[in-house]
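Report on one structure; see the data block that follows.
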Amino acid sequence: MSRLFRLPARIGSQVALLVAGVIALLYLILAIALYLQAPRNWPGPPAFEAIATIVKLVAQTPAGQRQAVIATANSTDQRFAFILSASPPAGMLAASRHPDAAGIAGRLGQGFQVAPSSGQDEHGPPRRFSIGLPDGTGLEVTIAAGVMQPPPRPLSVLVLASIALVGLNVGALTLWASRGITAPLARFASAAEEFSIDRDPSPLREEGPVEVRTAARALNRLRDRIHALFADRTRMLAAISHDLRTPITRMRLRVEFIEDDVLRGQFTRDLEHMDTMVQGALSYLRDANRPEKRGVFDLSSLLQTVADEFADIGHKIAYDGPHRIVATGDTQQIERAVTNLVENAVRYGTETIIRLREAPESLLIEVADDGPGIPESDRARLLEPFMRGDEARGRIDSEGFGLGLAIAHSIAAAHGGGLTLHDNLPRGLLARISLPRHRSPPPPRAA
Numbered sequence: 001m002s003r004l005f006r007l008p009a010r011i012g013s014q015v016a017l018l019v020a021g022v023i024a025l026l027y028l029i030l031a032i033a034l035y036l037q038a039p040r041n042w043p044g045p046p047a048f049e050a051i052a053t054i055v056k057l058v059a060q061t062p063a064g065q066r067q068a069v070i071a072t073a074n075s076t077d078q079r080f081a082f083i084l085s086a087s088p089p090a091g092m093l094a095a096s097r098h099p100d101a102a103g104i105a106g107r108l109g110q111g112f113q114v115a116p117s118s119g120q121d122e123h124g125p126p127r128r129f130s131i132g133l134p135d136g137t138g139l140e141v142t143i144a145a146g147v148m149q150p151p152p153r154p155l156s157v158l159v160l161a162s163i164a165l166v167g168l169n170v171g172a173l174t175l176w177a178s179r180g181i182t183a184p185l186a187r188f189a190s191a192a193e194e195f196s197i198d199r200d201p202s203p204l205r206e207e208g209p210v211e212v213r214t215a216a217r218a219l220n221r222l223r224d225r226i227h228a229l230f231a232d233r234t235r236m237l238a239a240i241s242h243d244l245r246t247p248i249t250r251m252r253l254r255v256e257f258i259e260d261d262v263l264r265g266q267f268t269r270d271l272e273h274m275d276t277m278v279q280g281a282l283s284y285l286r287d288a289n290r291p292e293k294r295g296v297f298d299l300s301s302l303l304q305t306v307a308d309e310f311a312d313i314g315h316k317i318a319y320d321g322p323h324r325i326v327a328t329g330d331t332q333q334i335e336r337a338v339t340n341l342v343e344n345a346v347r348y349g350t351e352t353i354i355r356l357r358e359a360p361e362s363l364l365i366e367v368a369d370d371g372p373g374i375p376e377s378d379r380a381r382l383l384e385p386f387m388r389g390d391e392a393r394g395r396i397d398s399e400g401f402g403l404g405l406a407i408a409h410s411i412a413a414a415h416g417g418g419l420t421l422h423d424n425l426p427r428g429l430l431a432r433i434s435l436p437r438h439r440s441p442p443p444p445r446a447a
């Protein structure tokens, strides 16, 4: 069935077909309306009945009294003017075939002859008729202007129903054709908007008009090239980070031979800092290529566990949220994202709160501290890899590598959510992770 109603390939042809179809249906509406409005089998104006009645009355009246009857009729009904004649004009039999004359004659019956009078306008209905009476005398009647025009035909229910039906068909055709044109464009825009290097791309369906199919094919190729580029970059950085571990290890061994304790301690701290940065880079790049192991888990319990682990090592931290909230995702990845946020919070603040809130379509994990916060102009930049926020938060002695927020942001995006930074009133920073809400099935009924 779809093959019979397949739209043209190009958008311009589809729009032209849509416009032509709408115009054709509008002409169809007009043709139906005109056809139903056209008079068919019109019996003539009501004046024919009045003329026939007066003529019959004159024919039945004695010849001496007919003039009085005609005078009374002319004064009573201003639509007509009757005049007696000695005999009807010649040629009435041929002229009586006129439809209006036949209409009057049909009401008079046998013995009467009716024909239009000569010398009238041929473009309109006749207004003067010559009538032959059964006794051989004649009678001429002049009809006032406008009486012979047929009355306007009112719109019938059938006409209104036809117009409404065709109008609905026009609307349905327009909606169907417009959806066929715009739906592929909407899917194309949605795929471009949802594109992210943190998720494997699902190929965009190459369907619709030729222009949309070409654009979809180009977008699929572009996404493949971008993912290949980032994969090559990841492999290169991983190789560099891995190769740096060997010289760092050799330098550690050589530092042990330095006799100056102060100098040896400085070298050791620098090497530990370098090793920490290399380990962080390797961990970030390794997790970027690690397949996710998603499942259903208790998010409340996970956040409580993270809070307890930091509290055990002396940090002032608390969990604030429901006792049980079910979520879907990679447990280890979610735990790492929250841990990174908490590490930043305890590094820059003295008190930290982990909150869990429910939204209609998502779950919100908030990590709030009472530190110096981050200026709004720096927040988007600090979500990128290798961007450090020590200067933005008033510290210059941090050993971070600028990956904590980037890792948390990447994990949240891979789960269909995101990471945003906000002010924590009255002081500090609030990092918020949003995750798609998991709809758990209702518990079974008790027997």
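When you number the sequence shown by the numbering used here, it's gap-free, plus one each residue, and the end is 447.
All C-beta atoms, glycine included, are put in the ideal place defined by N, C-alpha and C.
Segment limits, alpha helix (DSSP H) that includes residue i
i	result
residue 426	Here residue 426 belongs to no alpha helix (DSSP H), and DSSP marks it neither H nor E.
residue 249	210-255
residue 75	66-76
residue 85	From DSSP, residue 85 is part of no alpha helix (DSSP H) but of the beta strand (DSSP E) over 80-85.
residue 405	404-414
residue 458	Beyond the ends of the chain as shown, which are 1 and 447, falls residue 458; an answer cannot be given.
residue 107	99-108
Beta-carbon proximity of residue i to residue j, cut-off 7 angstroms
i	j	result
residue 252	residue 282	no
residue 219	residue 204	yes
residue 345	residue 367	yes
residue 101	residue 116	yes
residue 417	residue 435	yes
residue 239	residue 341	no
residue 258	residue 250	no
residue 363	residue 437	yes
residue 113	residue 132	yes
residue 217	residue 206	yes
residue 329	residue 294	yes
Own chain partners of residue i with C-beta closer than 7 angstroms, once the 5 adjacent residues on each side are dropped
i	result
residue 394	With a pLDDT of 46 at residue 394, under the threshold of 50, the predicted position of this residue should be treated as unreliable, though the coordinate-derived value follows. Only 372 meet the Cβ criterion.
residue 244	278
residue 384	406
residue 66	58, 84
residue 51	80, 104, 141
CA-to-CA distance, residue j to residue i, given in whole angstroms
i	j	result
residue 130	residue 168	53 angstroms
residue 429	residue 324	26 angstroms
residue 140	residue 84	6 angstroms
residue 47	residue 28	36 angstroms
residue 215	residue 226	16 angstroms
residue 189	residue 326	32 angstroms
residue 419	residue 228	25 angstroms
residue 211	residue 187	14 angstroms
residue 422	residue 305	24 angstroms
residue 185	residue 221	17 angstroms
residue 260	residue 235	40 angstroms
residue 231	residue 192	20 angstroms
Host beta strand (DSSP E) of residue i (start-end)
i	result
residue 370	Note, residue 370: premise wrong, no beta strand (DSSP E); not H, not E.
residue 310	Not the beta strand (DSSP E): residue 310 falls in the alpha helix (DSSP H), residues 299-312.
Spatial neighbours of residue i in its chain, beta-carbon cut-off 6 angstroms, leaving aside the 5 residues before and after
i	result
residue 307	317, 319, 354
residue 78	none
residue 43	The predicted position of residue 43 is uncertain, since its pLDDT is 47 and thus under 50; a value taken from the coordinates is nonetheless stated next. If we look at residue 43 and ignore the five residues flanking it on each side, it has no Cβ neighbours.
residue 462	The requested residue 462 is not part of the displayed model; the chain covers only 1 to 447.
residue 54	73
residue 127	143
Bridge-paired residues (DSSP) for residue i
i	result
residue 116	129
residue 296	328
residue 318	353
residue 431	367, 421
residue 139	84, 131
residue 362	436
Closer than 6 angstroms: residue i CB and nearest the ligand SAM heavy atom
i	result
residue 232	As far as ligands go, the structure on display features none, and thus does not contain the ligand SAM.
Same chain, Cβ closer than 8 angstroms to residue i, five either side skipped, listed in chain order
i	result
residue 310	317, 342, 346, 352
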